[in-house]
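Working notes, beginning with the structure itself.
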Amino acid sequence: MQKVYGDDFFEQVYQVVRLVPKGRVTSYGAIAAYLGAKGSSRLVGYAMNAAHAQKPKVPAHRVVNRNGQLTGKHHFATPSQMQELLEKEKVKVENDRVVDFAKRFWDPMKELAL
DNA sequence: TTCGTGACAGACC
DNA sequence: AGGTCTGCCACGA
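Heads up: the first sequence begins at 50 in our numbering, then just goes up one per residue.
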């Protein structure tokens, strides 16, 4: 009850993830911070758990952890799909980790900014 | 309604 | 430098 925020928070996450340009990746913490939930990076990851259920395809494969590691690849249709999608975006993935993550990193707070 | 969990991250030892 | 634990907020049972 009293779900003032409710799934709205999830929607915010999806919105930000969808704004991530191709060839770019972001981190859970960055999204969480952008939403003002800095530290609640888990919520972002949790939200992604339902991302696949969203009609507008959510590029969850562009969302990785602080280390650039594809922690959630296992949640995709196939574990290899996440890496495959990233490579398709010209993002090199090696050892389940995004290569040049620092350069590929897309900060919503900085890009969307404000 | 309460307890436990979770695709993380930062702090502490 | 590295491993361990808690904190964050929301959802499921």
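Quick reminder that beta carbons are idealized off the backbone N, C-alpha and C, glycines included.
Straight-line gap, residue i to residue j (C-alpha atoms, nearest Å)
i    : j    : result
A100 : N144 : 24 Å
V148 : D57  : 32 Å
F59  : V69  : 16 Å
E136 : A126 : 16 Å
Residue i, enclosing alpha helix (DSSP H) - first and last residue
i    : result
E133 : 128-137
P157 : 157-160
R153 : 150-153
L68  : Looking at the DSSP string, L68 is not in any alpha helix (DSSP H), and its letter there is neither H nor E.
From the options, residue whose alpha carbon lies closest to that of residue i
i    : options          : result
K122 : A82, G94, R67    : G94
D156 : Q132, K106, V112 : V112
S76  : A162, A151, L161 : A151
Residue i (DSSP reduced to helix, strand or coil)
i    : result
Q118 : strand
G55  : Low confidence applies to G55: its pLDDT is 44, below 50, so where it sits in the model is not reliable enough to give any reading.
Contacting residues, own chain, Cβ-Cβ under 8 Å from residue i (five flanking each side not counted)
i   : result
G72 : E138, K139, V140, R153
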